[in-house]
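Notes for the one structure printed next.
Protein chains in written order, with the numbering used here: chain A, 21 to 369; chain B, 784 to 1183.
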């Protein structure tokens, strides 16, 4: 058992802010008009602008991959670069990859269905099939960087990103890995967007140029965030934050759960992850203020991250870190209108 | 000295398989050497092959909201906690870690690609809601009123074993008092078509580890283990079925679909699981192998056993129980964990069916022909999957 708390030492991201290493501008974004498919009128979302992965990470070959896999490769590479990790000096069989996603490689899954619609199930594409698997992004990261430790893909209703972060930290604590790359992301496709639309979950701002509002639904988003966690931190490593204990549950008493986690130590900053945004109109039983007391600064959930649903937790954390809070105790708090919560204690550096 | 807070035990096993619902049916079928693989042609036009399917699924309220994979998971979980009082807080606060690779793909048809919105408006909306892999774990939670941490694992064919490994870590972290961990996957045209396109399917019943093996057969099912710490199990006076002594996960990092030819990544996984279990190579009495029946997997896996058990005084007994009811993908690792525990309970080493001309190895004792009876102090279940992932679980017998 490693008693040293895992430290967040590197960040990489491919988001509507672009492909970036480290912290980002975190300036409020406006959703863009969708042009990737034909719609009966204006449809908006927070989208990742197309870019050539090899221009960011030389040597990447992503032509046959789902965008999700390509983004995972770019984000993970940028995170390792940001962390200043020299993989040649490490035991690669002790480097883990933990990936969280709500929908997985949905783009190539749709392409596979398309080939079945066109050619019948007997005429589907053997190249596409393996790339539809949910763990493809994580395994491509392992393959590109020769990472031979645990390689896990998880999903969790409302809290996939938080669940990956907590489980990766657990691997480090139990000395099943020395370093973990935690990734969380999703792509937006026509089938996903139209499901939200037909289910009437989208905000009015998706269909007009009116300002963003959390009322009446959410604005879908896409992207990928990667974070490097280290168990025994290298002396020269940057420290964004130290991860403390965490809890997550699919239901039950949020207040009791969070208070049990915090004990007497209330956070100075609470980062609201706001996952489960698709049902945000459902009233939540208590506010973040109720949970953490009057003195904590509340960093509210951001629309660009809330739109990523299950996988948005890491983007929420990145946006909060990028807003340059001072050092101190923080609580990452994701709540779902479906019920349930994810809470993680952090010590910001 | 055993640390009861850090010892993970199995106190319940739920199964739904082509043998029916419940571990006793699975055990009876396998002890009798009954093969569930059958030829089929109706799964989609043009398909001719061999699969193993589950017969009638138990009915659930609001079944239209659940995929077949969800319903298999719900049935196995229900079976796993059959002895439990539903009103107790222990169950309500428990966690769920369920593996799946197919999840709700069973409910979506290719017509969606011609116009998603129209497909949703004509009945597809609720069917598509079961698409995310997280739905499998969430469905079990909804069905049983379990409110603790709820997580799905999707790591191809290693998923089921990884779900058990992750759940064990969560118990060590005290994330929940008890965790239902396992896997569930249903047969679907999507996966049959995919494996068929890769020419990975044997049209006849598969022959794992045979020199004339010709591919895999797909099956379906679900298995759920109830895991908790020894301290927790003792406190509630639960019957302990097995001890999960060690677990490990690694990745080959060599190819998106093919295993590492020399099996080094899998061997490393086995060695780490044995190390955690403090279990010597002589102590392992049986390995329930991944054993898909594909040319590449089985030879790589053989090399892995030769590496991991090198120096053992006698060959390591190995079999593939996929020869009984096919490869159940995300459920495979969990079903095979259940079978491994059954093997220990019954002191029975299940032979690989149809293994007539095994891969040559002087370090592997290929179990074939008659069922072998032998006490097993420790046994291992090994899984691997596309993307290079490997998982190994070491089980031990509970102390009398």
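Cβ atoms here follow ideal geometry from the backbone N, Cα and C, with glycine treated the same way. In this text the structure is predicted, and so the values were computed from the model without any measurement.
Chain A residues whose Cβ lies nearer than 8 Å to that of residue i
i	result
residue 855 of chain B	Chain A residues near residue 855 of chain B: none, gap ~18 Å exceeds 8 Å.
residue 1034 of chain B	117, 159, 162, 167, 168, 169, 170 and 171
Closer than 9 Å at the beta carbon, the chain B residues around residue i
i	result
residue 349 of chain A	Those do not exist, as residue 349 of chain A stays about 20 Å from chain B at its closest Cβ, beyond 9 Å.
residue 24 of chain A	Within 9 Å Cβ-Cβ: nothing; residue 24 of chain A doesn't reach chain B, min ~15 Å.
Residue burial classification, residue i (beta-carbon count within 10 angstroms, cutoff 16)
i	result
residue 299 of chain A	Its pLDDT being 37, under 50, residue 299 of chain A is placed unreliably by the model, and nothing is read from it.
residue 959 of chain B	buried
residue 284 of chain A	exposed
residue 1093 of chain B	exposed
residue 847 of chain B	exposed
residue 991 of chain B	buried
residue 62 of chain A	exposed
residue 57 of chain A	exposed
residue 788 of chain B	exposed
residue 1185 of chain B	Beyond the ends of chain B as shown, which are 784 and 1183, falls residue 1185 of chain B; an answer cannot be given.
residue 147 of chain A	exposed
residue 109 of chain A	exposed
residue 373 of chain A	With chain A covering 21 to 369 only, the question about residue 373 of chain A has no answer from this structure.
residue 1082 of chain B	buried
residue 786 of chain B	exposed
residue 241 of chain A	buried
residue 1073 of chain B	buried
residue 195 of chain A	exposed
residue 899 of chain B	buried
residue 362 of chain A	buried
residue 45 of chain A	exposed
Within chain B, the residues that residue i reaches when beta carbons sit closer than 7 Å
i	result
residue 177 of chain A	917, 921 and 933
residue 174 of chain A	934, 935 and 936
residue 150 of chain A	1039, 1040 and 1169
residue 354 of chain A	By Cβ distance, chain B contributes nothing, its closest Cβ being about 13 Å from residue 354 of chain A, past 7 Å.
residue 146 of chain A	980 and 981
residue 218 of chain A	900, 903, 904 and 908
residue 134 of chain A	896
Where residue i falls: helix, strand or coil (DSSP)
i	result
residue 1185 of chain B	Because chain B spans 784 through 1183 in this model, residue 1185 of chain B falls outside it and cannot be assessed.
residue 102 of chain A	helix
residue 108 of chain A	helix
residue 827 of chain B	coil
residue 876 of chain B	coil
residue 1178 of chain B	strand
residue 1018 of chain B	helix
residue 1072 of chain B	coil
residue 76 of chain A	helix
residue 66 of chain A	strand
residue 895 of chain B	helix
residue 149 of chain A	helix
residue 993 of chain B	strand
residue 916 of chain B	coil
residue 224 of chain A	helix
residue 297 of chain A	Confidence at residue 297 of chain A is low in this model, with a pLDDT of 44, below 50, so the placement of that residue is unreliable and no value is reported for it.
Chain-ordered chain B contacts of residue i [CB-CB under 8 Å]
i	result
residue 210 of chain A	899
residue 27 of chain A	Neighbours of residue 27 of chain A on chain B: none; closest Cβ ~18 Å, over 8 Å.
residue 153 of chain A	884, 937, 939, 1169 and 1170
residue 91 of chain A	The premise fails here: residue 91 of chain A is roughly 17 Å from chain B at the closest Cβ pair, so nothing lies under 8 Å.
residue 101 of chain A	Residues of chain B passing the Cβ test: none, with the nearest at roughly 19 Å.
Per DSSP, cross-strand counterpart(s) of residue i
i	result
residue 218 of chain A	DSSP, once it has assigned bridges, lists no residue as partnering residue 218 of chain A.
residue 319 of chain A	A:291
residue 21 of chain A	Paired residues: none, contrary to the question.
residue 39 of chain A	A:34
residue 1165 of chain B	B:1175
residue 838 of chain B	None; residue 838 of chain B has no bridge partner.
residue 821 of chain B	B:834
residue 968 of chain B	B:1004
residue 934 of chain B	B:880
residue 82 of chain A	Its beta-bridge partners do not exist; DSSP assigns none.
residue 361 of chain A	A:269 and A:355
7 Å Cβ cut-off: residues of chain A touching residue i
i	result
residue 911 of chain B	215
Checklist entry - Using a Cβ cut-off of 7 Å, which residues of the stretch 921 to 952 of chain B contact any Cβ in chain A, in chain order? => result 921, 924, 930, 931, 932, 933, 934, 935, 936, 937, 938, 939, 945, 949 and 952
Checklist entry - Taking a cut of 9 Å between CB atoms, which residues from the stretch 956 to 978 of chain B lie near chain A? => result 956, 958, 959, 972, 973, 974, 975, 976, 977 and 978
Checklist entry - Which residues, taken in chain order from the stretch 885 to 899 of chain B, show a beta carbon closer than 9 Å to some beta carbon of chain A? => result 886, 888, 891, 892, 893, 894, 895, 896, 897, 898 and 899
Item to check | Members of the stretch 1042 to 1065 of chain B that neighbour chain A once the beta carbon cut-off is set at 7 Å | outcome: Within the stretch 1042 to 1065 of chain B, the qualifying residues are 1048 and 1051.
Next on the checklist: Any C-beta of chain A within less than 8 Å: which residues of the stretch 828 to 840 of chain B qualify?
Outcome noted: 828, 829 and 830
Next on the checklist: Tell me which residues of the stretch 261 to 288 of chain A have at least one Cβ-Cβ distance to chain B shorter than 8 Å, keeping chain order.
Outcome noted: 267, 268, 269, 270, 271 and 272
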